[in-house]
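Chains as they are written, first to last, in the working numbering: chain B, 1305 to 1618; chain R, 4 to 511; chain E, 52 to 404.
Yeah, the Cβ is synthetic: ideal placement off N, Cα and C, and Gly gets one too.
To start, the structure itself, in structure tokens.
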Amino acid sequence: MDLLDILFSAAFWAATVRIASPLIFATMGELICERAGVLNLGIEGIMVAGAFAGWISVWAGLPLWGGVGVALLTGMAFGLLHSILSVPFGLSQHVVGVGITLFATSTTFYTYRVVLPEVSSPPKITAFQPVEIPFLADIPLIGPALFHQTPLTYAAFLLVALTAFVLYRTPLGLAVRAAGESPSAVSAQGLSVTAIRMGAVIVGSGFMAVGGAFLTMSAFDSFFFDMVGGRGWICIALVVFGAWKPGKALLGAILFAAFDALQIRLQQTGIGAIVPYQVFLMLPYILSILALVLMSRRAEVPAALMVPFNKGER
Amino acid sequence: MATEKRGAGQGEPVLRLLGITKRFGQVTANENVSFSLNEGEVIALLGENGAGKTTLMNILFGQYTADEGTVEAFGRPLAPGNPRAALDAGVGMVHQHFTLAGNLTVWENIVLGTQRLSERSLSPRAAKDKIRALSGKFHLIVDPDAKVGSLTVGERQRVEILKALYRDARVLILDEPTAVLTPQETDALFATLREAIALGLSIVFISHKLHEVMDISHRVLVLRHGKLVAERTTSETSREELATLMVGGEVRAPEFPAMPAGPALLSLKSIFTDKLFDLDLELCAGQITGLAGVSGNGQGALSDLISGMSTPLSGEMTVAGQTPKSWSPRAAIAMGIGRIPEDRHKTGTIADFDLTENAILETYPEGFSRRGWMDWARAHAHTEHLIETYDVRCPGPEARIRLLSGGNMQKLILGRVLEESPKIILANQPVRGLDIGAVNYVHSRLAAAREAGAAVLLISEDLDEIMKLSDRIHVISEGRLSPAFGRGEMSAAELGKWMAGEGFAHAV
Amino acid sequence: MPFEMRLEPIAEPSLARRLTPPALAIVASFVVAALLALIAGGNPFAVFGLIFKGAFGSKFALLETLNRATPLIFTGLAVSVAFRAKLWNIGAEAQFYAGAVMTVVLGTGMLTLPPMLMLPLLAVTAALAGALVLLIPALLKTRFGVDEVVTTLLFNFIFLLFVSYLLEGPLKDPMGMGWPKSARLIPEARLPRIVDGLRLHWGFALALISALALWVIDRKTTLGFEMRAVGQNAEAARFAGIPVTKVILKTALLSGGLAALGGYSEVAGLKGSLTQDISPGFGYTGIVVAMLALLNPLGVVLAAFFVAAIFVGADSMSRAIGVPSYLADIMLASALLLMVLAILLTKFRVRRG
């Protein structure tokens, strides 16, 4: 199987979209936070928590969409905690974010052990199944890739459109963008920077958690401790790569997922026999760093990102 | 020339402040301030820096909550601590430091917050139409689709005023609106304000510039140390009386007789950077060279260049007869350039460092360390010396510098610079935000350094300051430098034309 | 508006003001843990009693705690020196492994020298390896302005995969019966015990010395002055002529080197060989240690001891009554969050409006 065969196989593109889906959710979540001016490094832990919360509630008897709802709420709860510390108190977003990741991860693992004390391998659930969209799914190559996916993948794409619409076409989105550019402008127009930023972090964190839940409820059907595996950090790179714009970030996520899908397939080719598999596994992370370096010169970063706003401070 | 008085004293006042008191820790910023504003009236709130003008307006506008007292607009009390309440009641504020998002367009900045956040969509077209109509009515020409970041300072101020008018404000509060404008732009602003009064708006005009206060207002309220100390009808007072009321007694500003030029100590030839174009400048020993201009026209770039923070793309620089081999802040200091930065909080000092650490920040490698080990004893002694010589009021050398007032902070920076006997002094906005005592202190120290033979470059947006102190004046506009004008050679209006970009030989 | 509040700086905080919030933060993290223990069906008093006993209850327990504290002192110092200069090094994990790898590369027979030469040489090379690992993100930060938080985090994953490759490839112990594990260090490369018969090695002493050295650097040297200036206000530091980029790179070398010494100490002092799981997240826990120590080098020693005690105690508690030992991680994560809040409250008063 050579490169061209891979690139022209429907399975490859279907896998790409599948791999991209959790990244899309979490990247949109992070993008919303950052557009409002808050870097949310809790993303990795919130994804872990979301992955667990969605899966365990389905295992406990909730319907699949109920599980997604639980994941969303779990993420929002951690988002609330993050936002209280990072917004009105204006604490270092670096330290708070890493702290939230540690807190969310450890709470998740603890709960797992409390709920399932004696199991050696985690139980499985019946995950989301692919749903074919009539007619569209029959288009060669694109059909299976885009229109033979699980409902959660469709939701991911809808989320991108929704995020873009809200950010650019509604008063709320304008307020969010302004909060990330110039909080004093927002405050002078009678809006609460605190409320806007907290709201963005809470909602964004909810989407991150759904991204995590995709892993346990759509990509796989069970929960493993290291299953998020740095995807959160990659999403932060994707937001930068996407220049804080939903459409470009989506493109970045798909591009990235395509590389990931490619490296999995290349491992099974002749190259895989020579090059150690760890090199392939490193590629996503290296790619993320490269993306950050390439995009670093551009000036689209929200002007007030990581700048706390203390009302009345001069 | 005061505008026709109308409406003063008729009916309910549009705005009334009753017994406003505000304390920050130990400091009382406002004490029992009461006044009212009538429809169609302009009152000027006069006071020097630190008198409590801005605090008072921030309370009125809901940015702060007063400890005591109430604010009423159109007969109804305003909920404290809520900017929304003031806006909804028809009170709009044009802040001294613009509150605009540079990466958003003009119309986005204006409509921000005017709709409920739950509303389904923005309506750009209707918004832009309304903005254009207001622009025409009040002579506030600006393109609604332009990014605010690309506008000039004067245009940004128009956006600020449009923000208030867009919300149908009946009362406008303008905080030091002319500080950043050319004389001509100031005239245009006053025309707009007169238009507004004619349409029945009322205005609070905050300033410390006496001639403007005399020009635009009906009544003057004088604020000193947070208290309202006098109220005068503009037509019945004089600049002299107001000046005395403002500072609380006679204050004699130091005189600055012109000095002859010595040899050039710093010369720049055909300098290009991304913000400066073909710039020639000579700073001569024994003279203060003033650099006038509207903010954002290249002052920052020139200041960065001379202070070593940036290097030119091309051109020649000579410092005390030598061409520097490499250029950095360290090289600038080593070649005898003393630098007083524009922003003493962000660039001049490290807030959480104590006075000693701030005092030796530039000189520790040579003066206060040996082979990598700090000599703290010597550093303390040096700081004690600076505190004494430059009259820095502080708890002691171990106090964190953030606790100091702006004036005392500036005195420490001044000491740090002057104690090294610099050949060249770059003073960028050296008195911005200082009270009159500190202003006079800084000015006379600079004058003394000039008399001792230093070449001083004074950068200021305050044309009065430039004209008072400088032996020679250059105007900077869009990165180009005007020829040098001798003291008294140009009037403020003529300099204003240069500041607006007229007179430059070639456009860029 | 419910959230509107203002932070007002306190001019001269009293001693009570400076001590109360951090103390409350520690207490509150215990309360969080107590609640979670209740959920898991454990009596909080029994849980804390067992944690205490497990950490300090016997000579063996105490030594175990000190052994666990040793790598945490190194990573805690690495984080604190970096954070003080606002270099957000979240990659102490990778740097720790770099030190461990270097120790194994040179110490398993490639070099044979008397211990007096061998041990310092290994320490220096390990530190260099860790320094280089952090130098890359630091250069990306100073050259391109790339946020080092993300790059150091991503490097952790890259480096761990690299270690996995080494342990399955070039460094694999041929006698390891297929396990991904390195060969054992030669005797000359092993850090001896401080006192015969007590399971505590010279790595612990090296950690204490490093903490002291860092304190001296911080207070007494120009480098320390420069690092603090850059951390507090890089723009003012640059304006004053401090070579900011150089200082950041020096900080990175120091930080990376310290974390790597942790890896060296763990391999040469305790384990004797390298496995994939030699660090149960020492790099990340170093962040907690550094924050609990308020970034003070001497405080790091105390904080590392406290954190190690919680971990060791929780392990033993978990074996005894089955409350998951992740309770320790939760306690420390919440202590971290509460502590940053507490530090703020020592300097600012919260006021409405």
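Check: Please return the same chain residues whose Cβ sits closer than 7 Å to the Cβ of B/Val-1621, not counting the five positions on each side in sequence.; Outcome: As shown, chain B starts at 1305 and ends at 1618. That puts residue 1621 of chain B outside it, with no answer to give.
Check: Is it true that the CB of R/His-211 sits closer than 8 Å to the CB of R/Gly-436?; Outcome: no
Check: Would you mind working out which of R/Glu-158, R/Lys-230, R/Ala-264, R/Lys-131 sits nearest R/Ile-23, comparing C-alpha positions?; Outcome: R/Lys-230
Check: Below 8 Å CB to CB, which residues in the same chain sit around R/Leu-103 once its five sequence neighbours on both sides are set aside?; Outcome: Asn-112, Val-151, Arg-159, Val-162, Glu-163
Check: Could you check whether the Cβ of R/Pro-327 sits closer than 8 Å to any Cβ belonging to chain E?; Outcome: no
Check: When Cβ atoms are compared, which residues of the segment 270 to 290 of chain E fall closer than 9 Å to chain R?; Outcome: Arg-270, Lys-271, Thr-272, Thr-273, Leu-274, Gly-275, Phe-276, Glu-277, Arg-279, Ala-280, Gln-283, Asn-284, Glu-286, Ala-287, Ala-288, Arg-289, Phe-290
Check: How many angstroms separate the CA atom of R/Arg-123 from the CA atom of B/Thr-1474?; Outcome: 6 Å
Check: Applying a beta-carbon distance threshold of less than 9 Å, which residues of chain R neighbour E/Ala-84?; Outcome: Per Cβ cutoff of 9 Å: no residues; E/Ala-84 is ~33 Å from chain R at best.
Check: By DSSP, does E/Lys-223 sit in helix, in strand, or in coil?; Outcome: strand
Check: Would B/Met-1586 pass as an interface residue toward chain E - the criterion being a Cβ-Cβ separation below 8 Å?; Outcome: yes
Check: For the alpha helix (DSSP H) containing R/Asn-361, list its first residue and its last residue.; Outcome: 358 to 362
Check: Count the other C-beta atoms from every protein chain shown that fall within 10 angstroms of the C-beta of E/Pro-53, then say buried if there are 16 or more, exposed otherwise.; Outcome: For E/Pro-53, the predicted structure reports a pLDDT of 44, less than 50, and the residue's modelled location is therefore unreliable. A value from the coordinates is still provided. Burial call: exposed.
Check: Hey, out of R/Asp-474, R/Ala-54, R/Pro-80, whose CA is closest to R/Gly-65's CA?; Outcome: R/Pro-80
Check: Any beta carbon from chain E within less than 8 Å of R/Ile-340's own beta carbon?; Outcome: no
Check: What is the DSSP secondary structure of R/Ser-37, reduced to helix, strand or coil?; Outcome: strand
Check: Can you tell me which of R/Gly-265, R/Thr-58, R/Asp-281, R/Asn-411 puts its alpha carbon nearest to the alpha carbon of R/Lys-426?; Outcome: R/Gly-265
Check: Look up E/Val-391 in the DSSP assignment and say whether it is helix, strand or coil.; Outcome: helix
Check: Can you tell which of E/Leu-138, E/Leu-113, E/Leu-101 has its C-alpha closest to the C-alpha of E/Ala-280?; Outcome: E/Leu-138
Check: From R/Gly-53 to R/His-228, what does the alpha carbon distance come to, in whole angstroms?; Outcome: 7 Å
Check: What residues in the segment 435 to 454 of chain R bring their beta carbon closer than 8 Å to a beta carbon of chain E?; Outcome: none
Check: Roughly how far, in whole angstroms, is the beta-carbon of R/Phe-38 from the beta-carbon of R/Leu-224, given that I think they are within contact range, below 8 Å?; Outcome: 6 Å
Check: Is there a Cβ of chain B sitting closer than 8 Å to that of E/Ala-384, yes or no?; Outcome: yes
Check: What are the residues that DSSP puts in a beta bridge with R/Lys-272?; Outcome: R/Glu-319
Check: Since R/Gln-118 meets chain B, which of its residues come closer than 7 Å, beta carbon to beta carbon?; Outcome: Pro-1475
Check: With a threshold of 16 other CB atoms inside 10 Å of the CB of E/Arg-57, please say whether the residue is buried or exposed.; Outcome: buried
Check: For the alpha helix (DSSP H) containing E/Asn-284, list its first residue and its last residue.; Outcome: Unbroken run through E/Asn-284: none, as it is neither H nor E.
Check: Which residues in chain E have a C-beta closer than 7 Å to the C-beta of B/Val-1399? List them in chain order.; Outcome: Met-342, Val-391
Check: Does the distance between the C-beta of R/Ala-362 and the nearest non-hydrogen atom of the ligand MG fall short of 7 Å?; Outcome: Ligands displayed in this structure: none; no statement on the ligand MG is therefore possible.
Check: Counting contacts by CB-CB distance shorter than 8 Å, is E/Ala-62 in contact with chain A?; Outcome: Looking for chain A here will not work: the only protein chains present are B, R and E.
Check: Can you give me the Cβ contacts of E/Asn-117 inside the same chain, cut-off strictly under 7 Å, excluding the 5 residues immediately before and after it?; Outcome: Per the sequence presented here, residue 117 of chain E reads as Leu, with Asn not at that position. If we look at E/Leu-117 and ignore the five residues flanking it on each side, its Cβ neighbours are Leu-251, Phe-255.
Check: How is R/Glu-122 classed by DSSP in three states: helix, strand or coil?; Outcome: coil
Check: By the criterion of Cβ-Cβ separation under 7 Å, what are the contact partners of E/Ile-90 in chain B?; Outcome: Val-1418
Check: Using a 10 Å radius around the Cβ and a threshold of 16 neighbouring Cβ atoms, would you call B/Asp-1564 buried or exposed?; Outcome: buried
Check: Confirm, please, whether the CB-CB distance from B/Glu-1334 to B/Val-1543 is below 8 Å.; Outcome: yes
Check: Does any CB atom of chain R fall closer than 8 Å to the CB of B/Val-1543?; Outcome: no
Check: Thinking C-beta only, is B/Gly-1383 closer than 8 Å to B/Ile-1506?; Outcome: yes
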